[in-house]
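Peer 1: Starting off with a structure, shown below.
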Amino acid sequence: KRKAVTDLLDKLASDLESDGSLTILPERNAALEELKVYGRDPQNADPIFTEKVTPELPPCTQMLELVTDSAKGISTLLRHAFYSPSSETARAAMRVLANAMLLKPNTRQIFVDHGFAPKACHHLGNNSWDDEFLASRILFLSTYGTTVDLLDLVDNHQLADKVTDRLGHHAKLISSKSKGNSELMEEMALTETLKLLFNVTHYCNERISSFDSAVPHVVELLWKQDIPASKPLDAPSPFGPLVNALLNLDLTSSKSTSSLYPKNEPTRVTAFLIDLLDRSLKSYGDDELEVIVTPLVSLLKKIYDSAPEATKAQMREALLPTAEDRKSVLGRGDSVSSKLLKNSTHPTAPALRDAISHLLFDLSDRDASKFVENIGYGFASGFLFQNNVPIPESAAEAFSTGDATGAARPVNPITGQFMENETHPDEPELTEEEKEREAEKLFVLFERLKANGIINVQNPVEAAVQEGRYRELGDSDVEELD
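Going by this note's numbering, the sequence shown opens with residue 943, and the numbers climb by one from there.
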């Protein structure tokens, strides 16, 4: 395999002349395709992942030098990918390069060191799904573990404009055709561009405003597509990357608010996202929720923060417990609010439970009393304690809230359930003998805890003696037994 890889690279290198021009080699594209297959497994394919440089020349000149030994893989690929006059050859080379950058992280820095990031930006502007997919993936991979200058790409090479233009092209297309009628390469290109958008705005947050014009396109791509019946945030569905892309963007700009809360239908986008959340909570297992669903919950919180009152009211109605939910203990039903509450105490998903609790707290106007009334003290107490929010004195007191008819009904402050719907165990009352045995157990338990220094609480029996509430029974108080 190593010899075959070396021979292919020799053939491709000989196709490059020292002045940087390209000769006609009919087998060139076939050789690149064969090299791509070999490159899927790095074992014995080392020549693909190495570079050849000429120390006495500057980096840009180095890349124009003919490479003649086996250590020429990346250099040869870069030249074919970004200097070839043939678009087919360029794409074939970019596919091999993208695979190399995915499998061998050191190749990403080679790409950056030799100044090819701006050239990839240029390719991103081509009106081609293949070019968009390949350029976005290569730039996306270059954001990991390299010294790529994202500020320079945004300021001097129109990276933000090109990303926004490509997203606009996708949005325009989805508006002009029937839902679900996308080409595979178009879907893949959109996903890669969204991933690139997320990473650039994450690692270069000082230029987030440069991407304000992208928000309307992302929002349009969200609500104009059907939600898959199962695993809606998984590929090939674009909803996961679309949600992630919005997380870093400024949702308070005028362009953002007009698309998120359109005047004629201000709840359209949030209703769609809540539906997406509901289906996601039903589709994913406990071990998947943390990574997959947490960004969607965080996005809903971010949108709520800047939403107009009409949208906020709709979100509260959809996400907070309803009168129907209160017919049982909160968190045990199948509604979206029940599933949110259940996962707000998820033992193995700390980021998800934190995101849910913060969302519910925001929906309660960040008021501790409203928070307790909305979700019950049982769910609210942990969040309030962890975030140093004073627990209201009335937290453990019963209160009333309206039912489906608007009539006020008392609510259990701990469980959030209507008191009249509570069920109690149908068990006989303890006999006097059973009560005595339970009291003895408590007495022994208190003494053990005190002896071990676990608590410093006075035994209630001891306290009763000291306070005069305990008396010895006289003979007249004791019944004689036969």
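Just so it is clear, CB atoms sit at the ideal spot from N, CA and C, and this is done for glycine as well.
Which parts of the stretch 1129–1189 are runs of the alpha helix (DSSP H), unbroken and 4 residues or longer, counting only runs that do not cross its ends?
Peer 2: Listed in chain order, they are 1156–1165.
Peer 1: What are the uninterrupted segments assigned as alpha helix (DSSP H) that are 4 or more residues long and contained completely in the stretch 1209–1233, given in chain order?
Peer 2: 1210–1225, all fully within the stretch 1209–1233.
Peer 1: Shortest alpha-carbon distance to D957 belongs to which of I1016, R1021 and R982?
Peer 2: Position 15 of the sequence shown, counted from the start, is the residue given in the question as residue 957. Answer by Cα proximity: R1021.
Peer 1: Would you decide whether A955 is buried or exposed? Buried here means 16 or more other CB atoms lie within 10 Å of its CB.
Peer 2: For the purposes of this step, residue 955 is taken as residue 13 along the sequence shown, with counting starting at 1. Result: buried.
Peer 1: If A1034 sits next to L974, beta carbons under 8 Å apart, how far is it from one beta carbon to the other, in whole angstroms?
Peer 2: As a working mapping, residue 1034 is identified with position 92 in the sequence shown. As a working mapping, residue 974 is identified with position 32 in the sequence shown. Between L974 and A1034 the Cβ distance is about 4 Å, and since that is below 8 Å, they are a contact.
Peer 1: Expressed to the nearest angstrom, what Euclidean distance is found between the alpha-carbon atoms of S1279 and P1289?
Peer 2: On the sequence shown, position 337 is the one that residue 1279 refers to. On the sequence shown, position 347 is the one that residue 1289 refers to. So the alpha carbons of these two residues sit roughly 18 Å apart.
Peer 1: Just to confirm, is the Cβ distance from L1261 to L1231 under 8 Å?
Peer 2: Locating residue 1261 in the sequence shown gives position 319, counting from the first residue. Locating residue 1231 in the sequence shown gives position 289, counting from the first residue. No, they are not a contact pair.
Peer 1: If I follow the unbroken alpha helix (DSSP H) through R1351, where does it start and stop?
Peer 2: Position 409 of the sequence shown, counted from the first residue, corresponds to residue 1351. Careful: R1351 lies outside any alpha helix (DSSP H), inside the beta strand (DSSP E) at A1350 to V1353.
Peer 1: Going by DSSP, what residues sit across from F1360 in a beta bridge?
Peer 2: Taking the first residue of the sequence shown as 1, we reach residue 1360 at position 418. DSSP lists V1353 as partners of F1360.
Peer 1: With a threshold of 7 Å on Cβ separation, who are the neighbours of I1317 within its own chain once the five nearest residues in sequence on each side are excluded?
Peer 2: As a working note, residue 1317 is residue 375 in the sequence shown. Here the set comprises P1263, L1272, L1283, L1302 and G1358.
Peer 1: Is it buried or exposed, G1087, if we count other Cβ atoms within 10 angstroms and call 16 or more buried?
Peer 2: Here the question's residue 1087 lines up with position 145 in the sequence shown. G1087 is exposed by the Cβ-count criterion.
Peer 1: Which of helix, strand or coil does DSSP assign to P1292?
Peer 2: In the sequence shown, residue 1292 corresponds to position 350, counting from 1. It is helical.
Peer 1: For L1163 versus L1184, is the C-beta distance shorter than 8 Å?
Peer 2: In the sequence shown, the residue the question calls residue 1163 occupies position 221. In the sequence shown, the residue the question calls residue 1184 occupies position 242. Yes, the Cβ-Cβ distance between L1163 and L1184 is below 8 Å.
Peer 1: Comparing C-alpha positions only, which one of E1030, A1032 and T1085 sits nearest to I1052?
Peer 2: Along the sequence shown, one-based indexing puts residue 1052 at 110. The residue with the shortest Cα to Cα distance from I1052 is T1085.
Peer 1: I need the straight-line Cα distance from R1308 to R1274, nearest angstrom please.
Peer 2: For this step, residue 1308 is matched to residue 366 along the sequence shown. For this step, residue 1274 is matched to residue 332 along the sequence shown. Going from the Cα of R1308 to the Cα of R1274 covers about 24 Å.
Peer 1: Could you tell me which whole alpha helix (DSSP H) segments of length 4 or greater appear in the stretch 1035–1098?
Peer 2: Here the runs fully enclosed are 1048–1055, 1059–1066, 1071–1084 and 1092–1098.
Peer 1: Evaluate N1330 with the Cβ neighbour count: other Cβ atoms within 10 Å of its Cβ, from every protein chain shown; 16 or more gives buried, anything less gives exposed.
Peer 2: Here residue 1330 refers to the residue found at position 388 when the sequence shown is read from its first residue. So N1330 counts as exposed.
Peer 1: Helix, strand or coil: which one does DSSP assign to L1193?
Peer 2: Position 251 of the sequence shown, counted from the start, is the residue given in the question as residue 1193. In this structure, L1193 counts as coil in the three-state DSSP scheme.
Peer 1: Does V1160 pass the burial test, meaning 16 or more other C-beta atoms within 10 Å, or should it be called exposed?
Peer 2: Within the sequence shown, the letter at position 218 stands for residue 1160. Answer is buried; the Cβ neighbour count reaches 16.
Peer 1: Within a Cβ cutoff of 7 Å, which residues of the same chain sit near F1214, ignoring the five residues on either side of it in sequence?
Peer 2: Position 272 of the sequence shown holds residue 1214. Once the five neighbours on either side are set aside, the close Cβ partners of F1214 are L1164 and W1165.
Peer 1: For V1271, does the three-state DSSP call read helix, strand or coil?
Peer 2: As a working note, residue 1271 is residue 329 in the sequence shown. V1271 falls in the coil class under three-state DSSP.
Peer 1: Which value, in whole angstroms, describes the spacing of the CA atoms of N1048 and K1205?
Peer 2: The residue labelled residue 1048 in the question sits at position 106 within the sequence shown. The residue labelled residue 1205 in the question sits at position 263 within the sequence shown. When rounded, the distance between both Cα atoms is 50 Å.
Peer 1: Taking only the alpha-carbon atoms, compute the straight-line gap between V947 and L977 and give it to the nearest angstrom.
Peer 2: Counting from one through the sequence shown, the residue named residue 947 turns up at place 5. Counting from one through the sequence shown, the residue named residue 977 turns up at place 35. When rounded, the distance between both Cα atoms is 7 Å.
Peer 1: Whole-angstrom Cβ separation of P1208 and L1132, contact assumed at under 8 Å?
Peer 2: Locating residue 1208 in the sequence shown gives position 266, where the first residue counts as 1. Locating residue 1132 in the sequence shown gives position 190, where the first residue counts as 1. So it is not a contact: roughly 27 Å between Cβ atoms.
Peer 1: I need the straight-line Cα distance from N1069 to A1252, nearest angstrom please.
Peer 2: Against the sequence shown, residue 1069 aligns to sequence position 127. Against the sequence shown, residue 1252 aligns to sequence position 310. Looking at the two C-alpha atoms, the distance is approximately 40 Å.
Peer 1: Beta carbon of I1333, beta carbon of V1239: below 8 Å?
Peer 2: Taking the first residue of the sequence shown as 1, we reach residue 1333 at position 391. Taking the first residue of the sequence shown as 1, we reach residue 1239 at position 297. Not in contact: I1333 and V1239 (Cβ atoms no closer than 8 Å).
Peer 1: With DSSP as the reference, label V1278 as helix, strand or coil.
Peer 2: Within the sequence shown, the letter at position 336 stands for residue 1278. Three-state DSSP puts V1278 in a helix.
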